[in-house]
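A.B. asks: Chains as they are written, first to last, in our numbering: chain U, 153 to 427; chain B, 7 to 362; chain P, 70 to 339. The C-beta atom is built at its ideal place from N, Cα and C for all residues, glycine as well. Below is one structure. I have some questions about it.
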Amino acid sequence: MDKVMNRRSVLSGPYVVWALGFTVIPLIVIIKYAISDRTGAFTLSNILAIFDPVNLKALIFSLEIAIGCTVVCILLAYPLVLAISRLKFARSGFMLVILILPMWMNFILKLLAWQMILSSNGILNMIIRAAGITGFDISNTPISIMIGVIYEYFPYMVLPVFDAVIAIDADVIEAARDLGAKKGTVFWKIIFPLSLPGLMSGITMVFVPSMTSFVTADILGGGKLQLVGNIIEQEFIQSMNWNLGAGLSVALMIFILISMTFTVKKDEREEEEAW
Amino acid sequence: MYMIRKKTLALILTGIMITITALGVFGCEVSDSADTLTVFNYGEYLDPDMIKLFTKETGIKIKYEEATTPEEMYTKFKSGAIGYDLLCTSDYMLKRLINENEVREIDYSLFQYKDNIGQKYWDFSKSFDPENKYTLPYFWGTLGILYDTTKVNGKIDSWDVLFNGEYAGQIIMQNAVRETFQITEKYLGYSLNTTDRDEIQKAYETLLKQKPDVQAYLVDEARDEVVAGNAAIAVVYSGEAYLGHKYNPDLEYVIPKEGSNVWLDSWCITKNCKNTEAACKFLDFLCRDDVALKNFEFIYYSTPNETVKENLPPEDQNDKYMFPDDSVTENCEVCTLTDPETNELLNKLWKELKAN
Amino acid sequence: MVEKLKSLLSRFYILIIILFLYSPIAVLIILSFNDSRSRVVWGGFTIRWYAALLHNSQIRVALGTTFLLAFLSAFISLVIGTAAALGIASMKKRSHKLMMMITNIPMLNADIVTGIALMLWIIQFMPLGFGSVLIAHITFNIPYVILAVMPKVKTMNISIYNAGRDLGAGPLRAFFELMLPQLSGGMISGFFMAFTMSMDDFVITYFTKGAGVNTLSTMIYGEIKKGIKPEIYALSTMIFVLVLVILMIMNNMPAKEKRKGEEERGNVYD
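Spelled out as structure tokens, the structure:
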């Protein structure tokens with residue numbers, strides 16, 4: 153058994169080569185920019201610039217958005233996954249494609265469509281007013297950014313969780329029920345723990361990109377609110393200060409890596425408990 | 007034995023990967039023959055049919071590349087990733103490229119249609135290209151206010167409406183540091199090319215005070231928001247004004263009396279251009295009466311090519327958005343700000359404005 | 070009775086989510102029939118944008134490039150990524166962690182950073198063109214495949230593979246017939262996610278593409294300033310309807326493949 157496992161690691165060979173060539177080396181390029189100033193001399197000021205009030209504020213705002221979106225995605229995803237798994241054709245993949253299909257439309261077009269839906273004279277308010285209720289204005293607010301981000305990344309939460317839940321042996325759940333376990337118990341003691349690896353993948357794929365989705369913030373936030381992604385983008389393109397842009401990016405990376413090591417540890421512990 | 011097989015498998019996989027990638031590279035890379043020009047331009051800023059026509063007439067192929075902002079263009083150009091032959095960009099960016107010695111003189115002796123460009127525009131160009139050696143005017147316009155006449159009181163003629171709080175929550179500003187500071191500096195009576203730190207600081211404070219009244223900072227959707235009735239006033243470029251008025255006749259465009267920015271997009275030939283003769287042919291082609299007319303009808307921005315107006319049907323000749331009379335640009339300035347320290351300060355203040 | 074109510078409730082919930090996911094799509098479809106070039110003005114019903122689409126070679130070429138790019142990059146990422154997930158899962162804890170960290174890098178970086186870094190690096194050894202974009206897309210796609218497949222690998226039953234080998238199946242046969250079916254769910258998700266990421270990406274594509282290479286994303290981005298051309302809405306609608314129709318047909322076919330899959334699954338658990 154152990155031997156098979158060890159040999160298997162050879163399979164990651166092509167990926168290791170690829171990652172070295174196109175992930176690690178570009179990363180070194182970025183770090184090189186991050187730790188030097190415009191003249192090329194060594195400095196840490198670009199990385200520490202994350203603690204400037206302006207940048208810190210954007211980072212905190214990004215965190216709030218990212219955490220909020222991830223939580224909402226999780227809360228929306230589990231009932232959906234459970235509901236889908238009840239359907240007869242759950243395994244056919246039909247539902248999954250239904251989930252993925254909207255993602256194939258260009259995201260800028262979808263963002264512009266959301267803007268039309270959410271704006272003060274937009275479609276949503278038109279419908280609400282037609283129903284005789286006074287409209288509300290959430291355009292250009294953090295809520296509207298969150299709707300955009302959740303819309304964009306929700307399927308990335310659903311897919312891995314769905315894969316994990318659908319793989320759970322129906323017999324296990326059946327057996328638990330036969331032994332008198334309540335619905336809630338079945339969920340918290342069996343389904344949820346077994347779906348954790350999927351959930352972890354989902355969290356990574358939702359949390360991380362939502363911190364930097366600057367186009368969403370610009371279009372749905374009315375340019376009044378900035379995520380850390382907006383700042384990095386501005387430093388790179390508008391200010392043409394690649395050193396500062398790279399520095400902020402590296403700082404963001406360090407920050408996320410630290411928080412993820414934390415969650416991974418927690419995940420491992422919980423996994424052990426689950427078994 | 008088993009180990010080796012697995013390794014072979016891994017090697018084969020890697021091999022396939024590299025081969026496919028290589029196929030992609032060589033299969034799709036058009037060779038940079040002498041008869042090819044690589045052209046870099048803003049999006050939707052040249053009628054694709056004109057490119058086809060040029061290739062048909064001269065046999066010179068065009069590799070066409072687009073960008074959305076001058077800064078994006080500069081970043082990609084400067085990286086040297088692609089050997090561009092021709093570049094169309096904005097005034098201050100042209101000045102920067104000229105200063106950095108990135109462009110070469112245009113040999114106007116090869117041109118037949120150069121004189122189609124009005125003298126007024128050559129004079130505009132002098133603010134960034136003093137001897138008219140490096141650039142060829144392409145399109146121009148102004149920065150002003152687009153407003154919904156049904157939602158404002160009377161006629162608007164001053165930047166004041168953006169800052170006096172009368173239209174709080176109804177204002178759309180440009181989501182761009184340059185434009186936003188330019189109009190504020192003009193409002194305060196300064197030059198939009200000011201490098202004076204106190205003046206810039208004043209402009210920043212004015213903008214900070216204005217921020218709660220601003221509904222949104224947008225770039226591309228500013229016009230649509232006014233057309234849709236989500237906002238009453240927006241700072242837009244004159245090209246947008248024409249479309250805004252077309253979609254909603256209640257919309258008016260004005261260049262405030264304090265003056266504004268007049269912009270001029272021009273062509274230049276890069277230092278590394280491999281075939282300057284072909285490049286000149288292309289630029290001359292763009293100046294030709296029929297091409298300029300078709301191109302104008304595709305883009306619909308104000309053109310410096312004076313034959314265009316003559317060739318248009320009379321009812322279109324009087325379009326005040328496309329052919330404003332000379333008086334409107336009297337107080338206007340071309341942006342020629344390239345001072346790195348001022349730019350850095352502006353970018354820093356812009357970031358702070360957004361954060362507050 | 071309670072069971073029926075619950076099933077009704079869960080169907081209702083699915084409906085709400087579908088409504089959320091499809092409302093912007095509905096807007097795009099409506100816009101494709103709008104006889105006005107502005108997206109905020111309704112100019113009457115028309116199908117002329119669909120006709121115009123047929124004559125627009127620019128859009129056709131961009132569409133071809135987009136799909137070729139998405140398919141190639143998703144497929145190559147699937148192969149490399151699935152193999153990588155199998156390999157990484159079997160690694161010792163420390164190297165496992167290191168590999169997962171490297172996997173996360175393309176996702177951690179803002180697109181603009183990845184894009185510019187890749188551009189600076191790629192031009193060292195090859196000109197920008199279609200190939201460079203493909204490399205870039207594979208680079209950011211592999212992590213999605215790995216993240217999608219990894220949970221499956223972790224819960225996979227390796228003893229089946231060993232049993233198969235003991236019963237005389239060759240390593241390849243055992244791999245393709247006994248291991249892959251267990252991973253197929255994750256692989257399909259991974260492929261779709263990679264495909265989608267590739268279709269959607271703008272920033273990285275923009276910086277790594279050569280002159281003249283255009284995807285739908287880069288084309289649309291170039292258009293926002295002057296307003297998205299209605300042809301693009303028509304195109305989106307057509308892609309959408311096409312995929313939906315294929316899907317419906319596939320779902321209504323009494324597919325042999327499907328039953329075979331179920332049987333295999335049954336065997337796995339027996």
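1) So with CB distances below 8 Å, who are the chain U contacts of residue 350 of chain B?
2) Considering Cα atoms alone, identify which of U:160, U:230, U:222, U:409 is closest to residue 317 of chain U.
3) For a contact defined as C-beta to C-beta under 8 Å, what are the partners of residue 105 of chain P on chain B?
4) What's the C-alpha gap between residue 93 of chain B and residue 113 of chain B?
5) Going along the chain, which residues of its own chain have a beta-carbon closer than 7 Å to the beta-carbon of residue 57 of chain B, five neighbours each way excluded?
6) Have a look at B:156, B:276, B:264, B:303 and flag the residue whose alpha-carbon is nearest the alpha-carbon of residue 245 of chain B.
7) Could you say which of B:134, B:44, B:223, B:89 lies nearest to residue 365 of chain B if we only look at CA atoms?
8) When you compare the CB of residue 399 of chain U with every CB in chain P, is at least one pair closer than 8 Å?
9) Beta carbons nearer than 8 Å to chain P: which residues of the segment 142 to 163 of chain B have them?
10) For the segment 261 to 276 of chain U, enumerate the residues whose C-beta is nearer than 9 Å to any C-beta of chain B, in chain order.
11) Assuming residue 214 of chain U and residue 182 of chain P are in contact, meaning their beta carbons sit under 8 Å apart, how far apart are those beta carbons, in whole angstroms?
12) Checking contacts by CB at 8 Å: is residue 319 of chain U closer than that to chain B?
13) Between residue 383 of chain U and chain B, is any beta-carbon pair separated by less than 8 Å?
14) Which of the three DSSP states, helix, strand or coil, is assigned to residue 363 of chain U?
15) With DSSP as the reference, identify every bridge partner of residue 94 of chain B, one or two as the case may be.
16) Does residue 254 of chain B come out as helix, strand or coil in the three-state DSSP assignment?
17) Going along the segment 282 to 304 of chain U in order, which residues come within less than 8 Å of chain P, judged by CB to CB distance?
18) What residues from chain P crowd round residue 316 of chain U, counting only those whose CB sits closer than 7 Å?
19) Indicate the three-state DSSP secondary structure (helix, strand or coil) for residue 154 of chain B in the structure shown.
20) By DSSP's criteria, residue 103 of chain P is part of a beta bridge. Which residues make up the other side?
21) If we ignore side chains and look at the alpha-carbon of each, how far apart do residue 252 of chain U and residue 308 of chain P end up?
22) State yes or no: is the beta carbon of residue 226 of chain B nearer than 8 Å to at least one beta carbon in chain P?
23) Roughly how many whole angstroms lie between the Cα atoms of residue 288 of chain U and residue 272 of chain U?
24) Tell me which same chain residues have a C-beta within less than 8 Å of the C-beta of residue 414 of chain U, skipping the five on either side of it?
25) If you measure beta-carbon to beta-carbon, which residues of the segment 50 to 78 of chain B are closer than 7 Å to chain P?
26) Measure from the alpha carbon of residue 46 of chain B to the alpha carbon of each residue in B:252, B:328, B:279, B:314, then state which is nearest.
27) Would you mind reading off the limits of the beta strand (DSSP E) that contains residue 162 of chain U?
28) State the DSSP-derived secondary structure class of residue 32 of chain B, mapped to helix, strand or coil.
29) Among the candidates P:233, P:91, P:234, P:215, whose CA atom is the shortest distance from the CA of residue 143 of chain P?
30) Is the Cβ-Cβ distance between residue 223 of chain B and residue 374 of chain U less than 8 Å?
31) Determine, using beta carbons only, whether residue 225 of chain P and residue 251 of chain P come nearer to each other than 8 Å.
32) Could you please tell me which residues of the segment 232 to 261 of chain P, in chain order, have their CB closer than 7 Å to any CB of chain U?
33) Is the shortest distance between the beta-carbon of residue 324 of chain U and the beta-carbons of chain D less than 8 Å?
34) Under 8 Å between C-beta atoms, does residue 370 of chain U make it to chain B?
35) Based on the DSSP output, what are the partners of residue 110 of chain B in its beta bridges?
36) With 8 Å set as the bound, which would you pick, yes or no: does the beta-carbon of residue 333 of chain B sit closer than that to a beta-carbon of chain P?
C.D. replies: With the structure as the only source:
1) In the second sequence, residue 350 of chain B corresponds to position 344, counting from 1. Simply 391, 393.
2) Here residue 317 of chain U corresponds to residue number 165 of the first sequence, with the count starting at 1. If we check each option's Cα against that of residue 317 of chain U, U:230 comes out closest.
3) Position 36 of the third sequence, counted from the start, is the residue given in the question as residue 105 of chain P. Under the 8 Å cutoff, chain B gives 253.
4) As a position in the second sequence, residue 93 of chain B is number 87, starting the count at 1. As a position in the second sequence, residue 113 of chain B is number 107, starting the count at 1. One C-alpha to the other measures close to 16 Å.
5) As a working mapping, residue 57 of chain B is identified with position 51 in the second sequence. 68, 70, listed in sequence order.
6) The sequence position of residue 245 of chain B within the second sequence is 239, counting from 1. The shortest Cα separation from residue 245 of chain B among B:156, B:276, B:264, B:303 belongs to B:303.
7) Absent from the structure is residue 365 of chain B, since the part of chain B shown begins at 7 and ends at 362.
8) The residue labelled residue 399 of chain U in the question sits at position 247 within the first sequence. False, the Cβ-Cβ gap to chain P never drops below 8 Å.
9) none
10) 264, 267, 268, 271, 272, 273, 274
11) For the purposes of this step, residue 214 of chain U is identified with residue 62 of the first sequence, where counting begins at 1. For the purposes of this step, residue 182 of chain P is identified with residue 113 of the third sequence, where counting begins at 1. Contact doesn't hold; Cβ gap of about 15 Å is too wide.
12) For the purposes of this step, residue 319 of chain U is taken as residue 167 along the first sequence, with counting starting at 1. No, its Cβ sits nowhere closer than 8 Å to a Cβ of chain B.
13) Residue numbering aside, residue 383 of chain U sits at position 231 when the first sequence is read from its first letter. Yes, because at least one Cβ of chain B sits closer than 8 Å to the Cβ of residue 383 of chain U.
14) The sequence position of residue 363 of chain U within the first sequence is 211, counting from 1. In the structure shown, residue 363 of chain U sits in a helix (DSSP, three-state: H, G or I).
15) As a first step, residue 94 of chain B must be located in the second sequence, where it is residue number 88. Per DSSP, B:273.
16) Residue mapping note: residue 254 of chain B aligns to position 248 of the second sequence, counting from 1. Residue 254 of chain B: coil per DSSP, three-state reduction.
17) 303
18) By one-based count along the first sequence, residue 316 of chain U stands at place 164. Simply 220.
19) Position 148 of the second sequence, counted from the first residue, corresponds to residue 154 of chain B. Looking at residue 154 of chain B - three-state DSSP - the assignment turns out to be strand.
20) What you label residue 103 of chain P is simply residue 34 of the third sequence in a count that begins at 1. Residue 103 of chain P is bridged to P:114.
21) Counting from 1 along the first sequence, the entry for residue 252 of chain U is found at position 100. Counting from 1 along the third sequence, the entry for residue 308 of chain P is found at position 239. Each residue's alpha carbon lies about 13 Å from the other.
22) Numbered from its first residue, the second sequence carries residue 226 of chain B at position 220. Judged by the 8 Å Cβ criterion, residue 226 of chain B is in contact with chain P.
23) The residue given as residue 288 of chain U occupies position 136 in the first sequence. The residue given as residue 272 of chain U occupies position 120 in the first sequence. Taking the straight line from one Cα to the other gives about 7 Å.
24) In the first sequence, the residue the question calls residue 414 of chain U occupies position 262. Excluding residues within five positions, none has a Cβ falling inside 8 Å.
25) 50, 54, 69, 70, 71, 72, 74
26) For the purposes of this step, residue 46 of chain B is taken as residue 40 along the second sequence, with counting starting at 1. Among B:252, B:328, B:279, B:314, the Cα nearest to that of residue 46 of chain B belongs to B:279.
27) As a position in the first sequence, residue 162 of chain U is number 10, starting the count at 1. First-last for residue 162 of chain U: undefined, no H or E at that position.
28) The residue you call residue 32 of chain B lines up with position 26 of the second sequence. Confidence at residue 32 of chain B is low in this model, with a pLDDT of 44, below 50, so its placement is unreliable and no value can be given for it.
29) Your numbering for residue 143 of chain P matches position 74 in the third sequence. Considering only alpha carbons, the answer is P:215.
30) For the purposes of this step, residue 223 of chain B is identified with residue 217 of the second sequence, where counting begins at 1. For the purposes of this step, residue 374 of chain U is identified with residue 222 of the first sequence, where counting begins at 1. Taking 8 Å as the Cβ cut-off, residue 223 of chain B and residue 374 of chain U qualify as a contacting pair.
31) Within the third sequence, residue 225 of chain P is the residue found at index 156, counting from 1. Within the third sequence, residue 251 of chain P is the residue found at index 182, counting from 1. Contact: yes.
32) 254, 255, 257, 258, 261
33) Annotation note: the requested chain D is absent from the structure, which comprises protein chains U, B and P.
34) Here residue 370 of chain U refers to the residue found at position 218 of the first sequence. Cβ-Cβ to chain B under 8 Å: yes for residue 370 of chain U.
35) For this step, residue 110 of chain B is matched to residue 104 along the second sequence. Note: residue 110 of chain B sits in a beta bridge opposite B:275.
36) Along the second sequence, one-based indexing puts residue 333 of chain B at 327. Chain P contact via Cβ: absent.
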